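First comes the structure, then the notes that go with it.
Residue numbers (this note's numbering): 7 to 163.
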């Protein structure tokens, strides 16, 4: 576990700075993660997402993720470069929040079909949302955990 945390901190330091919307200055938290997620659409049809993601949470229950990477299946490899907006709210359980992705804005180089991205992000659909567990490590560092996405280290800004 200690090696994983050291690796993630080193990786975060090496990641390039994303293009950040103007409202980033009001963000409450900034989280970074490198994702490598593989799913099986059918038994012989895998799809994968490999990306760097920067999550920004503002105090008003809204936020966005600036994500850059690739989405790939057997037939196609697509470049993913977009901002996905979300809302979040405290759940009934202590330390848990519910995150709902509301809409996305592809950047000019993004050529990922929405159908491919739908395997990883349910955007704008009526869903119960994604449960996220939050653990405070110290006054400025928070750990976000979710079953379908990597653990993220977050820093107050």
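A virtual CB, placed ideally from N, CA and C, is assigned to each residue, including glycine.
Note that the coordinates shown come from a computational prediction; the quantities given were computed from them, not determined experimentally.
The C-alpha of residue 121 lies about 10 Å from the C-alpha of residue 127. In this structure, residue 138 lies near residue 102, with their beta-carbon atoms less than 8 Å apart. Around the beta carbon of residue 110, 16 or more other beta carbons lie within 10 angstroms, which makes this residue buried. Counting only runs of 4 or more residues that sit fully inside the region 83–123, the alpha helix (DSSP H) segments are 120–123, in chain order.
When DSSP states are grouped into helix, strand and coil, residue 45 belongs to the strand group.
Annotated three-state conformation of residue 52 is strand, per DSSP. Looking from the CA of residue 54, the closest CA among 42, 95, 37 belongs to 42. If you check the CB distance, residue 57 and residue 86 come in under 8 Å.
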